[in-house]
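First comes the structure, then the notes that go with it.
There are 2 protein chains.
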Amino acid sequence: MLAAAVRLFNERGYDATSMFDIAESLGITKSSVYHHISGKEQLLQMAMDRALDGLFEAADEVRALDVPAPERLERLVRRSVLVLAERFEYVTVLLRVRGNTEAEQHALSRRRDFDTIVTDLVKQAQAEGGVRPDIDPATVARLILGMVNSLTEWYRPRTGGAEAIADALTRIAFEGLRTE
Amino acid sequence: MLAAAVRLFNERGYDATSMFDIAESLGITKSSVYHHISGKEQLLQMAMDRALDGLFEAADEVRALDVPAPERLERLVRRSVLVLAERFEYVTVLLRVRGNTEAEQHALSRRRDFDTIVTDLVKQAQAEGGVRPDIDPATVARLILGMVNSLTEWYRPRTGGAEAIADALTRIAFEGLRTE
DNA sequence: ATATTTACCGACCGAACGGCCGGTAATCAA
DNA sequence: TTGATTACCGGCCGTTCGGTCGGTAAATAT
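Those protein sequence lines, which keep their order, are chains A and H. Heads up, the first sequence is in the UniProt record's numbering, so the first residue is 1 and it goes up one at a time. Heads up, the second sequence is in the UniProt record's numbering, so the first residue is 1 and it goes up one at a time.
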């Protein structure tokens, strides 16, 4: 049911999706939906949590690695792409939330925490050397995460396709487009 | 009035913004708003057009340049950042529409046209040399534009700040983060 | 066989929304 | 000064929405 709701949220937007739509897509009535959940916002909350939990798990795994900071950064970027691909619809919901309710604001706050983790990693990588130090680390983190998050706009999950995208993205981010 | 509406659209989302909200922010009543415009959707239409017109103007200007394709690509990326900064709130509205109405679908279609322009430019740049040919041009275009468009999520317009962001972005995109 | 829990439904409610209409006051052209 | 145009308003309408409630039928436990 969460999956059905999230699919509709992404098709038409959260506000534009009615509880009737969700019920209809499950072949039951609106009243029956309320037998299983407490309200529309709970569905949103569960979806956002599923996405955020994946991202923080990735951050925890990478933090534990005993490799130089630039490589930890690259690993985290790559893992973020894979999480986004695995939990595609949940991450898409998360990235569209604007903070209209308390639950949404809490999700935004957790997103900012993740941004901070990446920013700190960029900072370390610049200090250790291996990542260009001439751009503000917060800007680097936002631009790279922006590129990752933009996948929700056009990437469509297929088995195995995520690694190819992760390769392309990390190549652009770390090596750049320019040859010679 | 368009400016006031667009500001609210971005604060709370298009659906979550009522005509009463727009009227209130202007110090007039809802009825008075309808004296000036035909409906809510017209406001959205005008905002999206303002953003798209800016992007296509940039594309036209760059197309007329007599420089190698890789440099035209870099110029277009940079100009896109500047358009996004100039028409920030309008572009933000544009990038959030999901195609729920006919007008939104038309805007999405124009966005795809712009994507195609960038993709073709990447293709030329790869053929001429100077841009790495080992990544699918459509993927390159989407990732770079994704990085540009992600600015709507955190960049806040200040006079002069756009060039610094454009520099950082094009440096990452063309030279990459890695040193040595 | 009976009691209890689970899944479901139809009917309804109050609120909010986009939009419309008839009318009034200010502005402006002649 | 008069006539027309423009800007504005209060009040209303039909619809849709999230959510509730009382009740039924099936599943499950004892």
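Just so it is clear, CB atoms sit at the ideal spot from N, CA and C, and this is done for glycine as well.
- DSSP places R98 of chain A in the coil class of the three-state scheme, outside both helix and strand.
- Per DSSP, the unbroken alpha helix (DSSP H) holding M19 of chain A starts and ends at M19 to L26.
- Of A:T119, A:L43 and A:A138, the smallest CA-CA separation from V6 of chain A is found for A:L43.
- About 5 Å separates the CB atoms of R72 of chain H and V62 of chain H; that is less than 8 Å, so the two are in contact.
- Rounded to whole angstroms, R98 of chain H and Y90 of chain H show a C-alpha spacing of 15 Å.
- Chain order gives the chain H residues near A168 of chain A as I135, D136, T139, V140 and L143, where near means a beta carbon separation below 8 Å.
- As far as DSSP is concerned, R72 of chain A takes part in no beta bridge.
- Per DSSP, R171 of chain A is one residue of the alpha helix (DSSP H) stretching across G161 to E175.
- Only residues of its own chain outside the window of five on either side were considered, and among them L8 and F9 have a CB closer than 6 Å to the CB of T17 of chain H, listed in chain order.
- Between the alpha carbons of I144 of chain H and M147 of chain A lies a gap of roughly 7 Å.
- Contact between R178 of chain A and F174 of chain H holds, since their C-beta atoms are separated by about 5 Å, short of 8 Å.
- For A173 of chain H, the C-beta contacts it makes with chain A under 8 Å involve I172, G176 and L177, in order along the chain.
- In the DSSP secondary-structure assignment, R178 of chain H is bridged to A:V131.
- Taken residue by residue, none of the stretch 39 to 58 of chain A has a beta-carbon sitting less than 8 Å from a beta-carbon on chain H.
- When only Cα atoms are considered, P133 of chain A and T139 of chain A end up about 12 Å apart.
- Taking a beta-carbon distance threshold of 8 Å, S25 of chain A does not count as an interface residue toward chain H.
- With a threshold of 8 Å between beta carbons, M147 of chain A makes contact with chain H.
- With a threshold of 8 Å between beta carbons, R98 of chain A makes contact with chain H.
- Put simply, the backbone Cα of K123 of chain A is about 21 Å away from that of V81 of chain A.
- The beta carbon of E180 of chain A falls within 8 Å of a beta carbon belonging to chain H, placing the residue at that interface.
- Taking C-beta atoms under 8 Å as the contact rule, T170 of chain H and R78 of chain H qualify, at a distance of about 6 Å.
- Residue-level contact by beta carbon fails for V118 of chain A and chain H, as no gap is shorter than 8 Å.
- Looking from the CA of T152 of chain H, the closest CA among H:K30, H:R96 and H:A23 belongs to H:R96.
- Closest in alpha carbon position to R12 of chain A, among H:Q105, H:A4 and H:A3, is H:Q105.
- DSSP places G54 of chain H in the helix class (H, G or I) of the three-state scheme.
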